[in-house]
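**Student:** In the UniProt record's numbering, the protein residues as written are 1 to 201.
I'd like to ask some things about the structure below.
Okay, structure coming up:
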């Protein structure tokens, strides 16, 4: 168990089940809004681990297991995405549709802009659930053609960052309580478009 050092505001320390490795990671983790977000959550479908900080732990562990491993710069980027991607579910207004500015990923991106200045990383934070949401469109509404069209829009937006997006998607998805069908579907969609990755096995 690791503890975030007390910051200048005098906010009490919180415990984290993972280590912070860089000054930027520590800066993010000292932000009270982030701290509130990672403590939020109860066991629920797809996230039986409960609080967001335990999901982050799982994602970070999955990043370390990937073979071949990400390059050093990729690993740093993946860790930043992991720290922020789900940390703002507590800011979603449950009385409104979870889309646009009321989606946790959009809120996470806006928060991350304070600390991260790489547009590619910010796009991945904002779009990290888009492959999963596209699959849901097919499986729940039978709109598989539209689902693939959404993937094409995703690919157009992330461009050369696709390998990083795919690495994060796998790390985010390979947790005990998540359905693996979206992973298989997304891999197959990518393969039909000529994209294959050695880390995707």
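Glycine residues also receive a C-beta, built at the ideal position from the N, C-alpha and C atoms.
DSSP state of residue 16, grouped into three classes?
**Tutor:** strand
**Student:** Closest to residue 156 by CA distance: which of 124, 187, 180, 144 is it?
**Tutor:** 124
**Student:** Below 8 Å on the Cβ atoms is my guess for residue 41 versus residue 52; work out the distance and round it to an integer in Å.
**Tutor:** Rounded to the nearest angstrom, the Cβ distance from residue 41 to residue 52 is 5 Å, consistent with a contact under 8 Å.
**Student:** Could you give the residue range of the alpha helix (DSSP H) that holds residue 101?
**Tutor:** No alpha helix (DSSP H) contains residue 101, which DSSP labels as neither H nor E.
**Student:** I'd like the list of long-range same chain contacts for residue 134, defined as Cβ closer than 6 Å, with 5 residues on each side in sequence excluded.
**Tutor:** 147, 150, 151
**Student:** I'd like the ranges of any alpha helix (DSSP H) spanning at least 4 consecutive residues and lying wholly in the region 53–103.
**Tutor:** 72–84
**Student:** Helix or strand or just coil, what does DSSP make of residue 6?
**Tutor:** Below a pLDDT of 50, predicted positions are generally treated as unreliable, and residue 6, at 45, falls in that range; no measurement from the model is reported.
**Student:** For residue 56 versus residue 83, is the C-beta distance shorter than 9 Å?
**Tutor:** yes
**Student:** According to DSSP, simplified to helix, strand and coil, what is residue 116?
**Tutor:** coil
**Student:** Scan the region 104–183 and note each continuous beta strand (DSSP E) run of 3 residues or more that stays entirely inside, going in chain order.
**Tutor:** Within the region 104–183, not a single complete beta strand (DSSP E) segment reaches 3 residues in length.
**Student:** Throw me the rounded Cβ distance for the residue 186 and residue 131 pair, which I believe falls under 8 Å.
**Tutor:** 5 Å
**Student:** Whole angstroms are fine: how far does the CA of residue 16 sit from the CA of residue 192?
**Tutor:** 40 Å
**Student:** Nearest-angstrom Cα distance between residue 128 and residue 85?
**Tutor:** 7 Å
**Student:** Can you give me the C-alpha to C-alpha distance between residue 18 and residue 119, rounded to a whole angstrom?
**Tutor:** About 26 Å.
**Student:** Should residue 145 go down as buried or exposed, given a rule of 16 or more other Cβ atoms within 10 Å for buried?
**Tutor:** exposed
**Student:** What's the C-alpha gap between residue 202 and residue 98?
**Tutor:** As shown, the chain starts at 1 and ends at 201. That puts residue 202 outside it, with no answer to give.
**Student:** Going by beta-carbon coordinates alone, are residue 189 and residue 173 separated by less than 9 Å?
**Tutor:** Not in contact: residue 189 and residue 173 (Cβ atoms no closer than 9 Å).
**Student:** Figure out for me which residue from 121, 141, 143 has the closest Cα to the Cα of residue 158.
**Tutor:** Here the closest residue by C-alpha is 121.
**Student:** In the DSSP assignment, find the unbroken alpha helix (DSSP H) run with residue 36 in it and report its ends.
**Tutor:** 32–39
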